[in-house]
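Asks:
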Amino acid sequence: AQKVTQTQTSISVMEKTTVTMDCVYETQDSSYFLFWYKQTASGEIVFLIRQDSYKKENATVGHYSLNFQKPKSSIGLIITATQIEDSAVYFCAMRGEATGGNNKLTFGQGTVLSVIP
Amino acid sequence: GPKVLQIPSHQIIDMGQMVTLNCDPVSNHLYFYWYKQILGQQMEFLVNFYNGKVMEKSKLFKDQFSVERPDGSYFTLKIQPTALEDSAVYFCASSPETGRNYAEQFFGPGTRLTVL
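If you read the sequences in order, they're chains A and B.
341 is the number that my numbering gives the last residue of the first sequence; the numbers go up by one with no jumps.
125 is the number that my numbering gives the last residue of the second sequence; the numbers go up by one with no jumps.
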């Protein structure tokens, strides 16, 4: 069974600074995918970024990047130049590689990010 | 990005009644999912569905739950009968399972179910 843990319940940062959110995971799979999603105040769930376990390079999309440390089973999300609209709940998630099954997402508990003007 | 639609956005029903939640997945996606989110908690997997069949379900997917997608229509989650603990937001998701981004799941806006 897979498990995803986010220990930071909430974080507050000043606008335009950089924030890192932590996530550790457990899996028996040799290949897997790691994701970060954002849930806005309206409840909408938005896909942000993905890391494939076999890739050594950290994924980057816009002002989101990942700090993937496979030996530590860790996948941190880094947001640079934070904006007010980045305020949301951020969920880390993972799934196995197979398409025939084991493709459900397992989510962490979420981290509430507040960006202060 | 790709859009998943859900109808209705909010449903209030009395305990014991039947409810059907509707999802319109992304058109070329092959896998469909339901997740449950109790207020303030993370989303939890209920069931996934492919080619007309349930592929995997969690322990949260009780006997009172069922899913189907008749040809050309919505992917539905039916709860019959409902219980108080079914009150939650239910999110539908879909994934292509082919191509470069096959593993990415896209979520609908959710249906808030309130069981009285």
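Cβ atoms here follow ideal geometry from the backbone N, Cα and C, with glycine treated the same way.
All figures in this text were calculated on a predicted structure; none of them were measured in a lab.
Return the residue from the list B/Leu69, B/Leu30, B/Pro17 that minimises the CA-CA distance to B/Leu86.
Replies: B/Leu30
Asks: Considering only the alpha carbon of each residue, which of B/Phe70, B/Gln50, B/Ile22 lies closest to B/Trp43?
Replies: Nearest of B/Phe70, B/Gln50, B/Ile22 to B/Trp43, Cα basis: B/Phe70.
Asks: Are three or more beta carbon pairs between the stretch 13-25 of chain B and the stretch 87-100 of chain B nearer than 8 Å?
Replies: yes
Asks: Taking C-beta pairs closer than 7 Å, name the residues in chain B that A/Leu329 reaches, listed in chain order.
Replies: Phe54, Gln114
Asks: Is there a Cβ from chain B that is less than 7 Å from the Cβ of A/Ile273?
Replies: no
Asks: Anything in chain B within Cβ reach of A/Gly300, meaning under 8 Å, just list it in chain order.
Replies: Within 8 Å Cβ-Cβ: nothing; A/Gly300 doesn't reach chain B, min ~18 Å.
Asks: In chain order, what residues of the same chain have a beta carbon less than 6 Å from the beta carbon of B/His19, not counting five sequence neighbours either side?
Replies: Arg121
Asks: What separation, rounded to the nearest whole angstrom, lies between the Cα atoms of B/Val63 and A/Glu239?
Replies: 45 Å
Asks: Using a Cβ-Cβ cut-off of 7 Å, state whether A/Ile303 counts as contacting chain B.
Replies: no
Asks: Could you have a look at B/Leu39 and say whether DSSP puts it in helix, strand or coil?
Replies: coil
Asks: On the three-pair Cβ rule with 8 Å, is the stretch 264-275 of chain A touching the stretch 291-304 of chain A?
Replies: Because the criterion of three Cβ pairs below 8 Å is met, the stretch 264-275 of chain A and the stretch 291-304 of chain A touch.
Asks: Per DSSP, A/Asn291 forms a beta bridge with which residues?
Replies: A/Gly300
Asks: Do you know how far the Cα of A/Lys294 is from the Cα of A/Thr229?
Replies: 15 Å
Asks: For A/Arg319, which beta-bridge partners are listed by DSSP?
Replies: A/Phe257
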